[in-house]
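Q: My structure is below; once you've seen it, I'll send some questions.
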Ligand SMILES: Cc1cc2nc3c(=O)[nH]c(=O)nc-3n(C[C@H](O)[C@H](O)[C@H](O)COP(=O)(O)OP(=O)(O)OC[C@H]3O[C@@H](n4cnc5c(N)ncnc54)[C@H](O)[C@@H]3O)c2cc1C
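Numbering (my numbering), first residue to last: 116 to 506.
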């Protein structure tokens, strides 16, 4: 792969909206991605391996629980810092960002928000340091966009719960030490349980042959009469709103992360277009290529503004789920369109692993599907503005 010469675009001087702490956190993550992710990521993606060697580094830059208070091992940062870290990691690779998103928003967040003090003390510091890794099991083979229909269930057996069912498409599953599992009790109410690797009847087969998020490990979670200790149920929230609260946090991170992937594609295409000569002139001097590049920077700038404003709203506790849906949907579509256009600017070179663009493009096919598909987020906006659910 070519050396990482990334220069972040900031067409509207958005740095002026950031605090010194935001810039420090962002720059540290940017530097780390250049040093530790860029040199190895193409190889990891080609081999379809999650590069476990970067777990310690992700913890060091605060990517595991950026907004979790320091007393539980988190970085104690605000939502904009969280977003900026996700942006920088996804600039490197959406699969690596997925690992960080799952650990922070889908594992640490529910334990922090819905868990007992004992659960917080037991799990959060180890998750923050990367000593322990987690995954989040909501999707099932027959219930993807409609998780309320889930069939995974647990029964009260007096001194323990008995868990049965299966989850699929679970990021980090093949190596996770714990799984946050959403399952129905005997009354059909959804609860979150912390299931630990090693519990009898719990297995995590890996999903192979993905063309997307190849540097992220994906798998199933299978529960065959798993005895879960009663103290592993997170008691402070139940119902579908509990997993959806986690998804709000993760989708917010994706709205920022997608900007990173788009920035990398734009920056790569711009540099290539200035250097690549055809018909005696750099292709950057051709109107057709300028149209593509000018539209890319316009769309990136709009997405940056939306993410920043959403970060301010989240810091104030005012962001709605529908606003988060709109930002996730808009920014991922923006990124995937930019990846496709950027790929063309590189001509044949664009399909090779010498450049990051094709990898970003394939990764974004998962990002536009998971954490609520593109269609589902549109229906959420539609419901919000009309008051009529059209699911
Ligand atoms: C790489 C990867 C990693 C993932 N990681 C996780 C994870 O860690 N944890 C987890 O729980 N899940 C995870 N997922 C699952 C992901 O969230 C689901 O794939 C997603 O929610 C869509 O579900 P589905 O694949 O079953 O598609 P379906 O729900 O079957 O949807 C198929 C199509 O139908 C459309 N559709 C569905 N309902 C409607 C409707 N009412 N109106 C119009 N169109 C509709 C959808 O938009 C889509 O285009 C992951 C998925 C992938 C690909």
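Backbone N, C-alpha and C define an ideal beta-carbon position, used for all residues, glycine too.
Please read all numbers here as calculations on a predicted model, not as lab measurements.
Relative to the C-alpha of residue 149, which candidate in 379, 214, 404, 432 has its C-alpha closest?
A: Here the closest residue by C-alpha is 379.
Q: Going by CA-CA distance only, name the one from 332, 442, 494 that's closest to residue 372.
A: Closest option to residue 372, Cα to Cα, is 442.
Q: In angstroms, rounded to a whole number, what distance separates the CA positions of residue 239 and residue 420?
A: In a straight line, the C-alpha of residue 239 is about 32 Å away from that of residue 420.
Q: Please confirm whether residue 201 and residue 368 have their CB atoms less than 7 Å apart.
A: Their beta carbons are under 7 Å apart, which means residue 201 touches residue 368 by this criterion.
Q: Which whole-angstrom value describes the C-beta separation of residue 271 and residue 301, a residue pair presumed to lie in contact below a C-beta threshold of 8 Å?
A: Sure, about 7 Å apart at Cβ, within 8 Å.
Q: Check whether the Cβ atoms of residue 481 and residue 327 lie closer than 7 Å to each other.
A: Yes, the Cβ-Cβ distance between residue 481 and residue 327 is below 7 Å.
Q: Given a threshold of 16 other Cβ atoms within 10 Å of its Cβ, counted over all protein chains shown, does residue 295 qualify as buried or as exposed?
A: By the neighbour-count rule (16 or more Cβ atoms within 10 Å), residue 295 is buried.
Q: On the DSSP bridge list, what partners appear for residue 251?
A: DSSP, once it has assigned bridges, lists 295 as partnering residue 251.
Q: Could you tell me the distance, in whole angstroms, from the CA atom of residue 216 to the CA atom of residue 458?
A: Approximately 26 Å between the Cα atoms of the pair.
Q: When DSSP labels each residue in this structure, what does residue 152 get in the three-state scheme?
A: Residue 152: helix per DSSP, three-state reduction.
Q: Any idea which residues DSSP pairs residue 348 with across the strands?
A: Residue 348 pairs with 308.
Q: Buried or exposed for residue 323, going by 16 or more other Cβ atoms inside 10 Å?
A: So residue 323 ends up on the exposed side.
Q: When the distance is taken between beta carbons, is residue 411 closer than 7 Å to residue 381?
A: For residue 381 and residue 411, yes; Cβs fall inside 7 Å.
Q: Hey, how far is the Cα of residue 498 from the Cα of residue 364?
A: Rounded to the nearest angstrom, the two C-alpha atoms are 20 Å apart.
Q: Mapping DSSP to helix, strand and coil, what is residue 82?
A: With the chain covering 116 to 506 only, the question about residue 82 has no answer from this structure.
Q: Please find out if some non-hydrogen atom of ligand 1 comes closer than 6 Å to the beta-carbon of residue 413.
A: For ligand 1, not one heavy atom lies less than 6 Å from the Cβ of residue 413.
Q: Apart from the five residues on each side of it in sequence, which residues of its chain come closer than 8 Å, Cβ to Cβ, to residue 375?
A: 201, 202, 203, 204, 205, 206, 207, 212, listed in sequence order.
Q: Any heavy atom of ligand 1 within a distance shorter than 6 Å of the CB on residue 276?
A: No; taking the cut-off as 6 Å, the Cβ of residue 276 has no heavy atom of ligand 1 nearer than that.
Q: Give the straight-line distance between the Cα atoms of residue 224 and residue 246, rounded to the nearest whole angstrom.
A: Going from the Cα of residue 224 to the Cα of residue 246 covers about 17 Å.
Q: The alpha helix (DSSP H) with residue 215 in it runs from where to where?
A: Unbroken alpha helix (DSSP H) run through residue 215: 209-216.
Q: Taking only heavy atoms of ligand 1 into account, decide whether any of them is closer than 6 Å to the Cβ of residue 381.
A: The answer is no for residue 381.
Q: Cβ of residue 490 versus every heavy atom of ligand 1: is any distance shorter than 6 Å?
A: The answer is yes for residue 490.
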